[in-house]
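Sequence positions in the sequence shown follow mature numbering (1 follows the signal peptide of the UniProt record, and there is no 0) and run -30 to -1, 1 to 187.
The beta carbon of each residue, even a glycine, is placed where N, CA and C say it ideally should be.
In what follows, a structure is listed as structure tokens, so that the remarks can point back to it.
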Amino acid sequence: MLDNVVRAGRALSVLLVAMLPGWLSPAAHAQSAARPTPTPAQAVPADLKDLRGEWNRAGAGFGCKVVPPRQLSQEQLLAVMARACQRLGPLVVGDGADTATAALGPPHRTLNQPQDKVAWVYFIGQREHYPYFVVTVAADKIVALQVTGDGTAPAPGYDFSHVGLGSTTDELVAVFGQPSHFEPSELKNVELWTYPPHPFSFELKGGRVISVRIRQP
């Protein structure tokens, strides 16, 4: 099973760019247009760090909707959006690697990856069984997050815009539409759905989602 972790790091390494222009309204959308200057994570107010964005199809591209509970400055809103739209499970792509160990403890497995990256593997539930959560780290930063299963059991709390392990093809299409690239995975009978230049991808087997991955732009 852990061979899949190494495989996923290769198969899903595509160029992805998050487009997050800021709006000042309480209900903000990150649309696929100009990319803002990144804002430090510490600019996010502490009570807003756990917000989750919701990606949806917006014309030919995507929007990520974030609804802060109060009015924010443009700088704060950009920072909140960048975090909320890059969250999977308890973690956020771009945060320090120490946030993973703080939330999940020491990794159950550690696998070296190309380009000086390392994959920290956390089993969700029973050790050495599906599902598992992979935190890819480089230079002490989280650069990718992936949850993987066998399509039969969900991973509560690890959904991505209401799509999670075990979601059907129709449920995936209802949120994200048909993929920009539709191709076989390196695994038998598995399809890889990608949406470049956006920072998410999915693998499906037998009409069910078996992995969700987001990565750094």
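Practice task
Pull up the distance between the alpha-carbon of K175 and that of W163, whole angstroms please.
Solution key: 11 Å
Handout entry: Closest residue to K111 among V50, G64, H78 (Cα-Cα distance)
Key = G64
Handout entry: Identity of the residues DSSP links to Q85 by a beta bridge
Key = DSSP, once it has assigned bridges, lists no residue as partnering Q85.
Handout entry: Pair within 8 Å by beta-carbon distance, A73 and G23
Key = no
Practice task
Could you give the DSSP three-state label for L(-7): helix, strand or coil?
Solution key: Interpretation of L(-7) is limited by its pLDDT of 24, a score under 50 that renders its predicted location unreliable; no figure is taken from the coordinates.
Handout entry: Per DSSP, the bridge partner or partners of P76
Key = Paired residue(s): none; P76 is not in a bridge.
Practice task
Give me the Cα-Cα distance between D68 and V105, rounded to the nearest whole angstrom.
Solution key: 11 Å
Practice task
Assign S43 to one of two classes, buried (16 or more other C-beta atoms within 10 Å of its C-beta) or exposed (fewer than that).
Solution key: exposed
Exercise for the section: Count the other C-beta atoms from every protein chain shown that fall within 10 angstroms of the C-beta of G75, then say buried if there are 16 or more, exposed otherwise. Expected result: exposed
Exercise for the section: Express the C-alpha separation of Q41 and P15 in angstroms, rounding to a whole number. Expected result: 12 Å
Handout entry: Which of helix, strand or coil DSSP assigns to V63
Key = coil
Exercise for the section: Please work out which residues of its chain come closer than 6 Å, Cβ to Cβ, to S131, disregarding the five sequence neighbours upstream and downstream, and give them in chain order. Expected result: E24, W25, V145
Problem - Delimiting residues of the alpha helix (DSSP H) encompassing T138 - result: Where T138 is concerned, there is no enclosing alpha helix (DSSP H), given that its DSSP letter is neither H nor E.
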